[in-house]
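Novice:
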């Protein structure tokens, strides 16, 4: 199988990539893994329906995710609505900043993503063999291409003008780029006065519940919360199938931790894993290629910022291996400094290699305390945690004691706001104020609603005192692994797809048994009542063991039946023949990828398959235990 | 337990209902089963978050549903987007008719549901002890109350005026009632010209995929498709917690079947079940009380319209029993004739008795071929199935042969439309046309876009011929069981809640093990390293067996720890004591409801609990197999 796999998915030319993608797409659509939604009405771009096998795979993958993360790590799983009032997404920054640049065809009004248009235009210039650009110009273009994602409205507009980019198809002029918010907007309630959006990510539901979750967890940190659910982005131009859609399933984790101590108690369990890491350094270097490195080394050398982030990289890697992504074609790419939000400490994307290039499937980000601080500021609700020291400590602290009488006399009705602003100063800011006042200057403080006040000597006493301190109040940092389930599925499809040796038309979806939509098929060898009856009994036993199965009594040749089930990736096939009902009562059990076969007593076969699916036994162990069945020619 | 249960949930006065509801609500919110969404921003009515135990129960219930229906019945599960283009919901009738009547306070603009307002007002009149209404008036009011759901805008308006209903709180006048569409509206794509809605039900996703699903199923009927997903209704005034919310999870089945033959091959498996049936006859009768009746009898007496509908009623009843709804407090209520849509053949609601009265949790409807016909008419896509007869039959058929030359001469450019209209006539309509033409009259036919044409003799030949017919083309009927997951959860909560004998403050959620969010807790009896270590090992073994578990090393008394876990309904508790590490190596295993305890070898306990959760063994069998541990006083 591995050879076959390499043959179709190893070093391939651009054309064979296209061919592979088309062949796979044929299987996926024909077998209804997923299809465009609302097909009878002509479909709507960016929406897909999962048909029966796709739906089952999605369930199975999600269940593996839940076991691997939520159950094994004792995470707090929550489920929050997709419809979200504006204030939540105002606090998170999505209302103001969750935008892409759009341009329109000035004549037809058709809309395009500005970055896609510019990229396409520049790539075409580089590839133009008839009118090749000069080496100097090529370098300028390549530099511009590398930075397209960072352009602002004005620089993007300038580039589009400079290269005379026009609307595809019509060749018409395009508008200057403008920001288009990607959230679906709606209205909540009957009055029409409450703006709502469909959430663009599930994470915010966790942040707004932080206080209740902390209480639920007995006030203890660190803890992680998780959510699996649908998110919505009104993409300007959806494309590339499941890779860029308007409604998609996310599985997100928010691990809350004290920013001063990001060690992880279970880090040792992943320290020796060696995933491909594509660090900032390697991206800036000559070879531009990810290298395997143990996570322990990556943390100790400061390549990954902390143990907790590295722990999740390791757990993510194990998850991808479990569901059938080829680890040799998966890497973790570190964000370059300019790619990260200003508050982020370190970010790594889990990327999988496909015919579309490297596809970002997971984002792992140390977002510091940004999110909780933003919601706390907007909601005026305290979202801090308290860490009790094992023993109280004597510590030098800065005390701010406002002079109420003086503040009242000067600020009148603003007295309270000024007092609060003074008391909210952190130690360093308070010491700055103290220094200014002592040097005879005035100092300025700001209230939470943005008013500023001038503070003069006598209005406040600021002093260092040594106090018994029992603990520390802080806003937790959050480390966020965020998974795009549809993208992971598509990448897994590409990695699992292969064709039978010697027959390019016989497609096989080599799904891991745990992910496979149907775990087994049951075939009576020929159409006879006794054989059909035993096949029916085995099918019922499989169902009772929780194993999805198909019984095929069509009477087609066994070879033809295998070809059908290969396309939906059924890992095991049970064939009932005359020996099963008249002889020793055994049936043939066949494994999809090796195509090897053993004879198993009919009454044991459901248990054997259950153990194989649950990874309690391996096919090797099964072939060791049961007698081999010499296979007839492949297309028996 | 049953006695306790009766005590709190049997015949209760209105006041004790309120008390039960409040006590349960306290547990549900305190233990974060579910809480109002966006709490730190003051919440938005009709939206709830599931916290960790609620989320786990929802997963478990959904998984039971999937096994019980999708796996055991080999249904085709699909997953479609919530965002839906207008045309789909135009075809289904939701754009035009998915409305509630609303009135507004003329001074404040506040919105109310007209039916709720009228009901509340009439009920208050009936209950008014100070100014009692006359017996005659009371009868008029009761009749009006019974029919509130059927009022149209004008009759509703007249009733509101007649009884001088005013806005609650303010006492202001209210507007006349007007229809308010309950769908959340949005816009798809960047141009703003494509109207979309959030789906009000998941069913439409299945109907629009019928053609592909039929193909997937090899063209064979009957088959069922299923979908679990979120639906959205912008309720005017959400209330009663999980019972009326704006975003909720549905699990819907569409069973497609030939309308001429609604027998079900597995009906015998449910024929002897005796759920409480509340037929039309019983509802119109004196006693107004549901009665147990075998489903076989109900079908043979014509009470339930057909086997397939009755089969799903039986399967639904089994599902409710499996997840812990008390079958004595569940009934199936048949829709009265005037409650049903004109196309429906028969409808039954699965209702569960709670402190809110009987709550509709499931609708089971025989919707005839309405849905597929509606989508076929709108999309112009053929949504029929073909039933091949076992043997071709000689049948008398009506043939319609348009005279093209004559049609062309008379209708010119409309020739094609007229021809299609003639060919689309069914047998009876064609014979009507034939009769008219033969008696010298003209006949009228309509094209699909509503144009009518006058047909005269000579334009068409209509004749009866005997032909060999190989099969029949028909639009399948659909039988739709539709489950509201959140409502079922809430009803289950009420049925599972009880308090420990003699202590009204000790709440227990008596969840079935398969539904319970946490399957087991592990307690070291006292804080000792050896005990903690063994407890940790058992916890890891439980996790490896896929069993969610909690380890509690707080050192609280065992009684206090039980009280905590009772509130989240943990069915099994493992206590590690000195005998476990120094003596015979056994641990105490306690069952929540009976509070009985046995000693089980530490190495076996995970397997025993797995078997209990999966229903492979019972607590009785376990107490028979292992030695009892004499319990210390309950609050040990």
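Chains as they are written, first to last, in the working numbering: chain W, 1 to 636; chain X, 1001 to 1636.
Don't be surprised by glycine CBs; every beta carbon is placed ideally from N, CA and C.
None of these values were measured; they are calculated from a predicted model.
Since residue 1076 (chain X) meets chain W, which of its residues come closer than 7 Å, beta carbon to beta carbon?
Specialist: Correct list: 52.
Novice: Nearest-angstrom Cα distance between residue 1472 (chain X) and residue 1386 (chain X)?
Specialist: 6 Å
Novice: Could you have a look at residue 1294 (chain X) and say whether DSSP puts it in helix, strand or coil?
Specialist: Looking at residue 1294 (chain X) - three-state DSSP - the assignment turns out to be coil, as it is neither helix nor strand.
Novice: Going straight from the alpha carbon of residue 179 (chain W) to that of residue 406 (chain W), what length do you get?
Specialist: 49 Å
Novice: Going by DSSP, which residues form a beta bridge with residue 482 (chain W)?
Specialist: The partner list for residue 482 (chain W) (beta bridge, DSSP) reads W:252 and W:363.
Novice: Taking the beta strand (DSSP E) that residue 1188 (chain X) belongs to, which residues open and close that run?
Specialist: That run of the beta strand (DSSP E) goes 1185-1188.
Novice: Looking at C-beta atoms only, is the number of pairs between the region 235-247 of chain W and the region 484-495 of chain W that lie closer than 8 Å three or more?
Specialist: yes
Novice: On a Cα-Cα basis, can you pick out the residue from W:404, W:427 and W:520 that is closest to residue 416 (chain W)?
Specialist: W:404
Novice: Could you pull the DSSP bridge partners for residue 574 (chain W) from this structure?
Specialist: W:522 and W:589
Novice: Quick check: the Cα distance between residue 65 (chain W) and residue 483 (chain W), rounded to an integer number of angstroms?
Specialist: 10 Å
Novice: Quick check on residue 55 (chain W): does DSSP put it in helix, strand or coil?
Specialist: helix
Novice: Does chain X have any CB closer than 9 Å to the CB of residue 213 (chain W)?
Specialist: yes
Novice: Report, in whole angstroms, the separation of the C-beta atoms of residue 649 (chain W) and residue 598 (chain W), which I expect to be a contact under 8 Å.
Specialist: Because chain W in this structure spans residues 1 to 636, residue 649 (chain W) falls outside the shown range and cannot be described.
Novice: Assign residue 1594 (chain X) to buried or exposed, taking buried as 16 or more other Cβ atoms, counted over all protein chains shown, within 10 Å of its Cβ.
Specialist: exposed
Novice: Can you list, in chain order, the residues of its chain with a C-beta nearer than 7 Å to that of residue 94 (chain W)? Leave out the 5 residues immediately preceding and following it.
Specialist: 183 and 200
Novice: Cα separation between residue 1355 (chain X) and residue 1118 (chain X)?
Specialist: Residue 1355 (chain X) and residue 1118 (chain X): Cα-Cα distance of roughly 22 Å.
Novice: Note down the Cα distance separating residue 1329 (chain X) from residue 249 (chain W), rounded to an integer number of angstroms.
Specialist: Taking the straight line joining both Cα atoms gives about 37 Å.
Novice: How long is the line joining the alpha carbons of residue 983 (chain X) and residue 1219 (chain X), rounded to whole angstroms?
Specialist: Residue 983 (chain X) is absent from the model: chain X starts at 1001 and stops at 1636.
Novice: So, at 6 Å on beta carbons, what are the nonlocal neighbours of residue 619 (chain W) in its own chain, with the 5 sequence-adjacent residues on each side left out?
Specialist: 591
Novice: What in chain X is Cβ-close to residue 246 (chain W), meaning under 9 Å?
Specialist: 1081, 1083, 1188 and 1189
Novice: Measuring CB atoms only, is the region 429-444 of chain W touching the region 354-368 of chain W, in the sense that at least three cross pairs come out at less than 8 Å?
Specialist: They do not touch, by the three-pair rule.
Novice: Does residue 1039 (chain X) have its Cβ less than 9 Å from a Cβ in chain W?
Specialist: yes
Novice: Whole angstroms are fine: how far does the CA of residue 38 (chain W) sit from the CA of residue 1131 (chain X)?
Specialist: 58 Å
Novice: For residue 623 (chain W), decide whether its Cβ has a neighbour in chain X, counting only Cβ atoms nearer than 9 Å.
Specialist: no
Novice: Below 8 Å on the Cβ atoms is my guess for residue 1057 (chain X) versus residue 1515 (chain X); work out the distance and round it to an integer in Å.
Specialist: Indeed, because the Cβ distance is near 6 Å, the residues count as touching under 8 Å.
Novice: Between the beta-carbon of residue 1076 (chain X) and the beta-carbon of residue 543 (chain W), is there less than 9 Å?
Specialist: Between residue 1076 (chain X) and residue 543 (chain W), the C-beta spacing is not below 9 Å.
Novice: Could you run through the region 370-384 of chain W and flag, in chain order, every residue whose CB is less than 9 Å away from some CB of chain X?
Specialist: Residues passing the 9 Å Cβ filter: 375, 376, 378, 379, 380, 381 and 383.
Novice: Report the three-state DSSP secondary structure of residue 550 (chain W) (helix, strand or coil).
Specialist: Residue 550 (chain W) falls in the strand class under three-state DSSP.
Novice: Report yes or no: is there a C-beta of chain X within less than 9 Å of the C-beta of residue 56 (chain W)?
Specialist: yes
Novice: Give the C-beta separation of residue 1476 (chain X) and residue 1256 (chain X) to the nearest angstrom, bearing in mind that I take them to be a contact with Cβ-Cβ under 8 Å.
Specialist: 4 Å
Novice: Does the CB of residue 453 (chain W) have a neighbour CB from chain X at under 9 Å?
Specialist: For residue 453 (chain W), the answer is no, since every Cβ of chain X falls outside 9 Å of its Cβ.
Novice: Closest to residue 1050 (chain X) by CA distance: which of X:1181, X:1449 and X:1247 is it?
Specialist: X:1247
Novice: With respect to the alpha helix (DSSP H) encompassing residue 286 (chain W), which residues constitute its N-terminal and C-terminal limits?
Specialist: That residue, residue 286 (chain W), is in no alpha helix (DSSP H); it is neither H nor E in DSSP.
Novice: Excluding the five sequence neighbours on either side, which residues of its own chain have a C-beta within less than 8 Å of the C-beta of residue 1237 (chain X), listed in chain order?
Specialist: 1045, 1111, 1112, 1113 and 1116
Novice: Run the CB neighbour count on residue 126 (chain W), radius 10 Å, all protein chains shown included, and call it buried at 16 or more, exposed below.
Specialist: So residue 126 (chain W) counts as exposed.
Novice: Report, in whole angstroms, the separation of the C-beta atoms of residue 1298 (chain X) and residue 1254 (chain X), which I expect to be a contact under 8 Å.
Specialist: Actually they do not touch by this definition, with Cβ atoms about 23 Å apart.
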